[in-house]
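J.: The listed protein sequences derive, respectively, from chains A and B.
Residue numbering for the first sequence follows full-length UniProt numbering, starting at 1 and increasing by one per position.
Residue numbering for the second sequence follows full-length UniProt numbering, starting at 1 and increasing by one per position.
Here a beta-carbon is modelled for each residue, glycine too, at the ideal position from N, C-alpha and C.
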Amino acid sequence: MVDRLKNRDELITLRKNLVAQHKDGNKKLISLCSGSGCGAYGTASVYDSLVAELKKAGLSDQVEVRLTGCHGFCEKGPIMVIHPEGIFYPQVKPDMIPDIVEMTLKNGEIVEKFLFKDPVSKKKIIHEKDIPFYKLQKRVIFGRNQMIDPTNVLHYIAEDGYKGLEKALFEMEPQQIIQEIKGAGLRGRGGGGFPTGIKWASCAKHDGDRYVICNADEGDPGAYMDRSLLEGNPHSIIEGMLIAAVAMQSHNGFVYVRHEYPLAVKNLNIALKSAREIGLLGKNILGSGFDFDIKVSRGGGSFVCGESTALMASLEGKPGRPRAKYVHTVEKGFRESPSSLNNVETYANVPHIINNGAEWYASMGTEGSKGTKIFSLVGNVVNTGLVEVPMGTNLRTIIYDIGGGIPKKKKFKAVQSGGPSGGCIPEQFLDVPVDFDELVKIGSMMGSGGMIVMDQDTCMVDVARYFLDFLKEESCGQCNPCREGIKQMLDVLTRICAGHGKEGDIELLEELGAMVQKFSLCGLGTSSPNPVLTTLMYFRHEYEAHIKDKKCPAGVCKPLFHYEIVDGTCTGCGLCARKCPQDAITGAKKETHVLDQDKCIKCGICYDACKFNAIAIR
Amino acid sequence: MKKTDIDWPKITKIVQDYNSDPECLLMIMQDISDIYNYVPPEVIPVLVEKLGVSESLIYSVATFYKTISLEPRGKYIINVCTGTACHVRGAEKITHALAEELGIEEGQTTADGMFTLDAVRCVGACASGPVAMVNHDTHGALNRSSALEMLDQYRK
Ligand SMILES: Cc1cc2nc3c(=O)[nH]c(=O)nc-3n(C[C@H](O)[C@H](O)[C@H](O)COP(=O)(O)O)c2cc1C
Ligand code: SF4
Ligand code: SF4
Ligand code: SF4
Ligand code: FES
Ligand code: FES
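1) Which residues bound the alpha helix (DSSP H) around CYS482/A?
2) Looking only at C-alpha atoms, which of MET27/B, ASP34/B, GLU55/B and TYR38/B sits nearest to ILE44/B?
3) With respect to the alpha helix (DSSP H) encompassing HIS500/A, which residues constitute its N-terminal and C-terminal limits?
4) Taking buried to mean at least 16 other C-beta atoms within 10 Å of its own C-beta, is LEU268/A buried or exposed?
5) LEU154/A and LEU286/A: beta carbons closer than 8 Å?
6) Restricting to runs no shorter than 4 residues, where is the alpha helix (DSSP H) found entirely within the segment 509–567 of chain A?
7) Mind reading off the beta-carbon distance from PRO338/A to VAL330/A? Whole number of angstroms is fine, and I expect it under 8 Å.
8) For the beta strand (DSSP E) that contains THR372/A, what are its first and last residues?
9) What alpha helix (DSSP H) runs, 4 residues minimum, are completely inside the segment 96–181 of chain A?
10) Hey, PHE116/A and ILE131/A: beta-carbon distance below 8 Å or not?
11) Roughly how far, in whole angstroms, is the beta-carbon of VAL492/A from the beta-carbon of VAL453/A, given that I think they are within contact range, below 8 Å?
12) Does GLN153/B get closer than 8 Å to chain A when you measure Cβ to Cβ?
13) Along the segment 297–328 of chain A, where does the CB come closer than 9 Å to a CB of chain B? Name the residues.
14) Using a cut-off of 7 Å between C-beta atoms, extract the partners of THR67/B located in chain A.
15) Does the beta-carbon of LEU395/A, which I'm using as the reference point, lie nearer than 7 Å to any heavy atom of ligand 3?
16) Beta carbon of GLU101/B: closer than 7 Å to some heavy atom of ligand 1?
17) Considering only C-alpha positions, which residue in the set GLY232/A, GLN62/A and PRO553/A is nearest to SER36/A?
18) In the DSSP output, what is PRO195/A paired with across the bridge?
19) Touch check for the segment 296–310 of chain A and the segment 473–489 of chain A: three-plus C-beta pairs under 8 Å?
20) Work out the CA separation of LEU98/B and LEU148/B for me, nearest whole Å.
21) Along chain A, which residues have their Cβ under 7 Å away from the Cβ of PRO40/B?
22) Is it true that the segment 77–88 of chain B meets the segment 123–132 of chain B, where meeting means three or more beta-carbon pairs spaced less than 8 Å apart?
23) Excluding the 5 residues preceding and the 5 following ILE97/A in the sequence, name in chain order all residues of the same chain whose CB lies nearer than 6 Å to its CB.
24) By a C-beta neighbour count over all protein chains shown, 10 Å radius and 16 as the cutoff for buried, is LYS373/A buried or exposed?
25) Does the beta carbon of MET446/A sit closer than 8 Å to a beta carbon anywhere in chain B?
26) In angstroms with no decimal places, state the Cα-to-Cα distance between GLN597/A and THR571/A.
27) Give the range of the alpha helix (DSSP H) segment to which LYS472/A is assigned.
28) Keeping to the same chain, check which residues put their C-beta closer than 8 Å to that of GLU75/A; ignore five residues upstream and five downstream.
29) Could you give the distance in angstroms between the alpha-carbon of ASP3/A and the alpha-carbon of LEU439/A?
30) Could you check what DSSP says for HIS22/A in three-state terms: helix, strand or coil?
31) Quick check on this structure: which residue in PHE254/A, ASN613/A, LEU280/A and PRO119/A has the alpha carbon closest to the alpha carbon of ASN7/A?
32) Can you find a heavy atom of ligand 6 that lies under 7 Å from the Cβ of TYR224/A?
33) Only counting the same chain, and skipping five residues up and downstream in sequence, which positions put a Cβ closer than 7 Å to that of VAL138/B?
34) Does the beta carbon of ARG121/B sit closer than 8 Å to a beta carbon anywhere in chain A?
35) Kindly examine ligand 4 and report whether one of its heavy atoms sits closer than 7 Å to the Cβ of GLY449/A.
36) Taking the alpha helix (DSSP H) that THR63/B belongs to, which residues open and close that run?
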């Protein structure tokens with residue numbers, strides 16, 4: 001380990017030496033992802049065989065293996081990239097290692113059969129930078145993940161880490177830092193999109209022991225960029241918080257992180273420890289006389305704790321119930337003191353802004369939303385993973401060019417953005433540029449950046465029911481409109497999905513929605529009707545089909561549809577009959593098969609299996 | 001659980017690791033939960049004394065947060081992700097398959113004390129859905145059959 005850095009020059013010298021070492025010679029670097037996603041697919045055993053195989057081949061000195069955080073293409077994990085060439089091997093298994101070591105690392109050849117095959121063009125691609133999923137992204141915030149072992153502070157320093165802190169400590173007045181963040185136009189990435197500079201300025205104005213708090217509760221189901229940042233590049237969050245602390249002259253920070261993210265907690269704690277040891281946290285940071293330290297607090301799996309006042313109550317060791325914001329948390333928040341809360345990704349932006357200037361930052365994005373945004377592109381889409389693009393990129397580029405479109409030749413139906421408080425966006429808006437304001441205009445919102453793609457087989461009434469069910473569970477229950485209103489809306493939707501919808505139900509939902517929106521105490525309640533209201537806005541015909549025709553056109557709500565084998569389309573291949581768990585399908589070879597409705601449990605296995613689209617939803 | 005079955009020195013160590021700070025009540029209970037898979041009610045009077053908090057606060061924290069249970073749970077806690085990304089990829093089918101195989105419903109524990117079946121809202125492995133966690137292990141890209149194979153790994 002390196003000695004405690006006593007001043008700025010020592011940090012600069014250290015960085016210079018690290019960069020020089022890195023550039024030296026022909027040493028190869030294997031970046032092997034060990035984020036939660038890839039870890040689940042078996043990075044640990046790949047690593048062991050890699051190290052053993054390199055030793056056997058006598059290459060241990062010439063090749064460095066670096067276990068990094070998430071590269072974003074988690075579905076294809078474990079992911080390996082060999083630098084400097086950038087050779088990309090997806091889905092690496094231990095039995096592939098001998099070939100990779102022998103051919104690629106020893107002889108400089110490509111192992112053709114292990115290459116990534118683009119699901120759209122069906123072409124094999126050698127280099128990471130040529131893969132459509134990566135090619136169209138702009139990875140300002142997320143890019144360093146794959147060059148860094150998150151447990152090694154030196155890797156971060158070598159990648160220009162803590163340069164922003166240097167500038168903030170030694171070249172800028174606190175006021176200037178805030179001005180720079182304001183000028184950059186940075187808006188909070190946690191959901192609300194509140195201007196970060198304005199928040200900092202109002203917190204700095206209030207006297208007391210100010211707190212800088214990081215929201216890593218990541219409650220939006222389907223979004224995981226905060227986890228990947230915290231896990232893969234924790235020092236960038238620490239640096240962002242440090243700069244915020246200098247700007248607001250705060251000496252105590254907290255990270256509130258979900259208990260369900262054990263690796264993020266672990267890597268963050270390791271990073272905090274090494275930052276302390278090297279003199280980047282604690283007393284007299286880099287000899288500047290400035291003190292700041294960060295504590296970690298683990299949340300307890302409650303969505304509402306992501307709300308600012310609830311989060312602060314939870315930090316105090318109490319149940320996380322929101323309070324009315326007559327007094328803002330920047331004046332009286334955690335421990336009744338001025339507290340500034342920002343999201344993980346918001347902090348990750350800060351060092352870049354201080355390093356490269358407000359003007360550079362504001363050159364990316366749209367009029368009202370600057371910089372880039374990481375989206376979690378998941379659901380029914382070919383390439384799933386984390387996607388960072390400039391604000392203002394349209395949905396079509398994200399879903400089709402980067403995401404590769406909808407799998408299994410199915411049709412796009414909607415993309416859900418903004419989590420449980422957001423909305424479902426239909427096809428007609430695919431060319432809308434994605435930023436904070438445009439999404440609100442079409443009834444949805446950015447939220448934390450979850451983008452769940454839904455295909456033709458998704459029932460929008462069921463989606464609305466799903467979100468309300470989620471919110472009913474998560475409502476803290478202290479105010480009536482939210483507790484009872486959500487429950488009533490859910491009852492109506494459950495009834496509709498069960499085939500007992502009545503004339504007037506749609507109007508009842510709209511009325512209840514308006515009431516809950518207006519009279520709930522916190523953001524959970526006020527935004528809870530959104531999934532219902534946007535699906536009603538764009539998919540009203542589906543509600544009507546459920547209520548009037550007693551049909552679920554997507555084939556999701558079991559009482560409202562059945563499967564039928566289409567005469568003329570069925571080739572009699574017999575696959576469905578073999579797969580059916582109920583033996584409900586019979587028929588002779590090469591003849592149209594018959595499905596016995598009495599035996600069928602509507603499990604959908606036959607529908608998914610048939611290669612000829614011969615099974616219809618009726 | 002009997003009072004004598006509790007590893008008191010371990011409990012004391014956990015409380016000390018957090019400097020007996022009442023603000024750390026939730027984390028202390030989570031750490032205790034990591035040992036027993038639940039918070040044995042026997043430890044509550046001890047927490048009252050060591051942290052100087054009221055018994056009612058402990059109960060309200062324990063019932064508010066989902067990661068804490070005051071009832072014994074299985075040796076392996078299966079948390080099927082029901083987050084949106086997993087939902088649209090058929091998480092419900094995974095829950096059904098597991099419930100059927102184990103003969104329990106969501107929220108229940110098998111009679112032999114091996115498995116508890118539960119739901120979690122998202123574990124942040126959304127690109128690999130449907131996902132389930134078994135204690136701290138993540139299992140991705142599940143379908144009916146791989147979900148049942150997953151159980152076998154823990155039955156040994
Ligand atoms: C019900 C609810 C849940 C929230 N969950 C989160 C969350 O998980 N993560 C987050 O960063 N912000 C969340 N927020 C937004 C926070 O209240 C707060 O606005 C945000 O953390 C501020 O940081 P930012 O300005 O950097 O976005 C949530 C808000 C509400 C109303
Ligand atoms: S709106 Fe809902 S979650 Fe928010 S305080 Fe009221 S009951 Fe609790
Ligand atoms: S799988 Fe399709 S084509 Fe084959 S028998 Fe069944 S319905 Fe007919
Ligand atoms: S839906 Fe399931 S039970 Fe019904 S016929 Fe198809 S495979 Fe058999
Ligand atoms: S965890 Fe490996 S790419 Fe995301
Ligand atoms: S939605 Fe299942 S892991 Fe995120």
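T.: Let's see:
1) Run containing CYS482/A: 480–497, per the alpha helix (DSSP H) assignment.
2) It is GLU55/B whose Cα lies nearest to the Cα of ILE44/B.
3) Element bounds for HIS500/A: n/a, residue is neither H nor E.
4) Result: buried.
5) No. Outside cutoff.
6) Whole alpha helix (DSSP H) segments, 4+ residues: 523–527, 530–538 and 540–547.
7) Contact holds; Cβ gap of about 6 Å.
8) Boundaries of the beta strand (DSSP E) harbouring THR372/A: 372–379, taken from the DSSP string.
9) Entirely contained in the segment 96–181 of chain A, the alpha helix (DSSP H) runs reaching 4 residues are, in chain order, 132–135, 153–158 and 163–170.
10) Contact annotation: PHE116/A and ILE131/A have beta-carbon atoms nearer than 8 Å.
11) About 27 Å separates the CB atoms of VAL492/A and VAL453/A; that is not less than 8 Å, and the two are not in contact.
12) It does not; no Cβ of chain A falls within 8 Å.
13) Residues passing the 9 Å Cβ filter: SER297, ARG298, GLY299, GLY300, GLY301, SER302, PHE303, CYS305, SER314, LEU315, GLU316, GLY317, LYS318, PRO319, GLY320 and ARG321.
14) Residues of chain A whose Cβ lies closer than 7 Å to the Cβ of THR67/B are, in chain order, HIS259, GLY300 and GLY301.
15) No; taking the cut-off as 7 Å, the Cβ of LEU395/A has no heavy atom of ligand 3 nearer than that.
16) It does not: the Cβ of GLU101/B is nowhere closer than 7 Å to a heavy atom of ligand 1.
17) With respect to the C-alpha of SER36/A, the residue from GLY232/A, GLN62/A and PRO553/A having the closest C-alpha is GLY232/A.
18) Per DSSP, ARG187/A.
19) The segment 296–310 of chain A is in contact with the segment 473–489 of chain A.
20) One C-alpha to the other measures close to 7 Å.
21) Going along chain A, no residue has its Cβ under 7 Å from PRO40/B, so there is no contact; the nearest lies around 18 Å.
22) Yes, they touch.
23) Cβ-Cβ distances below 6 Å link ILE97/A to SER49, LEU50 and GLU53 in the same chain, with the five nearest sequence neighbours on each side left out; the list follows chain order.
24) The residue is buried, with at least 16 neighbouring Cβ atoms inside 10 Å.
25) No, MET446/A does not count as interfacial toward chain B.
26) So the alpha carbons of these two residues sit roughly 20 Å apart.
27) Counting along the chain, the alpha helix (DSSP H) containing LYS472/A begins and ends at 460–474.
28) Here the set comprises GLY37, ASN383, THR384 and GLY385.
29) Straight across, the Cα-Cα distance linking ASP3/A with LEU439/A is about 49 Å.
30) DSSP places HIS22/A in helix when its eight states are reduced to three.
31) The shortest C-alpha separation from ASN7/A is found at LEU280/A.
32) Checking the Cβ of TYR224/A against ligand 6 gives yes.
33) The sequence as given places Thr at residue 138/B; Val does not occur at that position. Only VAL123, ALA125 and VAL131 meet the Cβ criterion.
34) Flagged as an interface residue toward chain A: ARG121/B, by a C-beta distance shorter than 8 Å.
35) Flag unset: Cβ of GLY449/A not near ligand 4.
36) DSSP places THR63/B in the uninterrupted alpha helix (DSSP H) bounded by 55–64.
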